[in-house]
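Engineer: What follows is a structure written as C-alpha cells; I'll ask about it next.
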Amino acid sequence: MSKKNILILCTGNSCRSQMAEGILRHLYGDHYEVYSAGTHPLTVNLQAITVMKEINIDISHHYSKSVTAIKDIMFDVVITVCGNAQENCPVISGDHKTLHWGFDDPVGQSMDCFREVRDLILEKFKTCNKELQS
C-alpha cells in the first residue's frame, strides 16, 4: 500500500507548518509522505528549530517552500495551520481532503510561546491519525 501525501500549509512556511511537518513525520512517517509549504514563504525560524530539538525532532534541514514548488504532487490531505493560509489557500490540484487546524503564530514571542504552540501541534497530531486515514 502506498503512503498518502499530506501537505501542511501556512503563510510563511517558517514556523507552525515546519513544526507540524516534523511532528507528523516523527509520529507517522511510516504511513505518510509529509510536505509543508507557504503562500508567502520566509526562512525557517530558528526558535522553531530550537524547540523541536528539545523534543528530539530535528527540523534544522528543513527549508521554506512556496506552494508552486510542490505543485506537481498529488495530495490526499491538505492541512492549513493558520487562518491566513486557510483564507488564501491556493488551488491544490487533485481530489483531496482539506482540514483546518489553526494554531497561534509564536513568531516574535517568547520561547515559552513557541513551546506552547509546539505542544498544541503535537497533541493535535497524536490524535489525528484516524482523521487523516479517512
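With the numbering used here applied, the sequence shown corresponds to residues 25 to 158, in that order. Cβ coordinates follow ideal geometry from the N, Cα and C atoms, glycine included.
Is the beta carbon of L156 closer than 8 Å to that of Y163?
Structural biologist: It is not possible to answer for residue 163, since the shown part of the chain is limited to 25 through 158.
Engineer: Could you check where the alpha helix (DSSP H) with L33 kicks off and where it finishes?
Structural biologist: As a position in the sequence shown, residue 33 is number 9, starting the count at 1. L33 -> not in any alpha helix (DSSP H); beta strand (DSSP E) instead, spanning 28-34.
Engineer: Would you grab the beta carbon distance between F149 and A61 for me? Rounded to a whole angstrom, and I think it's under 8 Å.
Structural biologist: In the sequence shown, counting from the first residue as 1, residue 149 sits at position 125. In the sequence shown, counting from the first residue as 1, residue 61 sits at position 37. About 18 Å; that fails the 8 Å criterion.
Engineer: Give a yes or no on whether the C-beta atoms belonging to I97 and N37 are separated by under 8 Å.
Structural biologist: Translated into the one-based positions of the sequence shown, residue 97 becomes position 73. Translated into the one-based positions of the sequence shown, residue 37 becomes position 13. No.
Engineer: On a Cα-Cα basis, can you pick out the residue from G132, E147, I145, D136 that is closest to N69?
Structural biologist: Sequence index remark: in the sequence shown, residue 69 carries index 45 (1-based). When only C-alpha atoms are compared, the closest one is G132.
Engineer: Measuring only the C-alpha atoms, how far is L51 from D136?
Structural biologist: Residue 51 sits at position 27 when you count from the first residue of the sequence shown. Residue 136 sits at position 112 when you count from the first residue of the sequence shown. For L51 and D136, the distance between alpha carbons rounds to 23 Å.
Engineer: Which whole-angstrom value is the C-beta distance of M76 and G46, which I expect to be below 8 Å?
Structural biologist: Here residue 76 is taken as the residue at index 52 of the sequence shown, counted from 1. Here residue 46 is taken as the residue at index 22 of the sequence shown, counted from 1. That pair is a contact at about 5 Å.
Engineer: Is it the case that the Cβ atoms of T151 and H124 are separated by a distance below 8 Å?
Structural biologist: By 1-based counting over the sequence shown, the position of residue 151 is 127. By 1-based counting over the sequence shown, the position of residue 124 is 100. Not closer than 8 Å, so no.
Engineer: According to the neighbour-count rule (16 or more other Cβ atoms, all chains shown, within 10 Å of its Cβ), is D129 buried or exposed?
Structural biologist: In the sequence shown, residue 129 corresponds to position 105, counting from 1. Its Cβ being crowded by 16 or more others within 10 Å, D129 is buried.
Engineer: Which residue wins for smallest C-alpha separation from K95, given the options G126, T63, E78?
Structural biologist: Working through the sequence shown from its first residue, we reach residue 95 at position 71. Minimum Cα distance to K95 is reached at T63.
Engineer: Thinking C-alpha only, which one of V101, F138, C106 is nearest N153?
Structural biologist: The sequence position of residue 153 within the sequence shown is 129, counting from 1. Out of V101, F138, C106, V101 has the C-alpha closest to the C-alpha of N153.
Engineer: From what residue to what residue does the beta strand (DSSP E) around K121 run?
Structural biologist: Sequence index remark: in the sequence shown, residue 121 carries index 97 (1-based). Element bounds for K121: 121-124.
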